[in-house]
Amino acid sequence: MDENLAKILSNIDYLQFQFTNIQGQLKAVEVPQKYAEKYLEEGLGIDGSSVGFMLTEQSDMKIIPDLSTLHLVPWNDRIARVICDIQTTNGTPFPSDPRSILKRALNMAKVDFGFSFKVRPEIEWYNMTPDGEPVDIAGYM
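Residue 53 is where the sequence shown starts when you use our numbering, and the numbers rise one by one after that.
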């Protein structure tokens with residue numbers, strides 16, 4: 053196990069395995085630290101019907117952690133999170149997993165058109181009065 057990963061795991065109480073459903077809502081399965089290493093290696097079974105992926109009869113799925121995304125949550129240094137990909141029971145990527153869809157689209161843009169995707173966050177805010185009105189008259193509202 054990677055040294056940084058081992059250090060994070062040794063200092064947490066819980067690990068959240070995060071993924072998004074078809075509507076883009078963040079979902080998570082939180083496990084106690086003593087199970088974290090096992091599920092990081094094996095993935096974690098989920099009921100796909102409970103999060104809107106599949107019918108009950110065909111709902112067994114697995115979330116597979118992307119270890120490059122494992123970090124402490126900013127608001128609690130005893131909880132870490134990792135973003136997961138969703139797989140079917142036979143180990144193939146679930147075609148309707150939003151993360152899988154994005155990966156396919158980025159790969160297609162690169163292979164078919166030579167594009168590479170780069171993104172940066174932009175912090176934006178508006179100064180408002182207590183009753184919700186803009187403080188200035190800059191015209192951006």
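We put the CB at the ideal spot given by N, CA and C, even for glycine.
Close beta carbons around F169, own chain, < 6 Å, minus the five adjacent residues each side: Here residue 169 refers to the residue found at position 117 of the sequence shown. Cβ neighbours of F169 beyond the five flanking positions: L158.
Leaving out the 5 sequence neighbours to the left and right, which residues in its chain are closer than 7 Å to L78 when beta-carbon positions are compared? Here the question's residue 78 lines up with position 26 in the sequence shown. Within the same chain, L78 has close Cβ partners Q70 and T72.
Opening and closing residue of the alpha helix (DSSP H) in which A157 lies: Against the sequence shown, residue 157 aligns to sequence position 105. Here the alpha helix (DSSP H) through A157 covers P150 to F165.
Expressed to the nearest angstrom, what Euclidean distance is found between the alpha-carbon atoms of E94 and N128? As a position in the sequence shown, residue 94 is number 42, starting the count at 1. As a position in the sequence shown, residue 128 is number 76, starting the count at 1. Those two C-alpha atoms are separated by around 26 Å.
If I measure Cβ to Cβ from V125 and keep anything under 8 Å in the same chain, skipping five residues before and after, which residues do I get? As a working mapping, residue 125 is identified with position 73 in the sequence shown. Here the set comprises Q68, I131, A132 and R133.
Count the CB pairs spanning the stretch 135-155 and the stretch 110-123 that are closer than 8 Å, and state whether there are at least three. Taking 8 Å as the limit for Cβ pairs, the verdict is that the stretch 110-123 does touch the stretch 135-155.
If you draw a straight line from the C-alpha of P186 to the C-alpha of E174, how long is it? By 1-based counting over the sequence shown, the position of residue 186 is 134. By 1-based counting over the sequence shown, the position of residue 174 is 122. Cα to Cα, the separation comes out at about 20 Å.
Best match in A58, I135, I98 and G97 for proximity to K86 [C-alpha to C-alpha]: Along the sequence shown, read from residue 1 onward, the residue named residue 86 stands at position 34. Nearest C-alpha to K86: A58.
Buried or exposed for D183, going by 16 or more other Cβ atoms inside 10 Å? Translated into positions along the sequence shown, residue 183 becomes position 131. Exposed.
Is the beta carbon of A88 closer than 9 Å to that of L61? The residue given as residue 61 occupies position 9 in the sequence shown. The residue given as residue 88 occupies position 36 in the sequence shown. The answer is yes: Cβ separation under 9 Å.
Determine the DSSP secondary structure at T140, reduced to helix, strand or coil. Along the sequence shown, read from residue 1 onward, the residue named residue 140 stands at position 88. Strand at T140.
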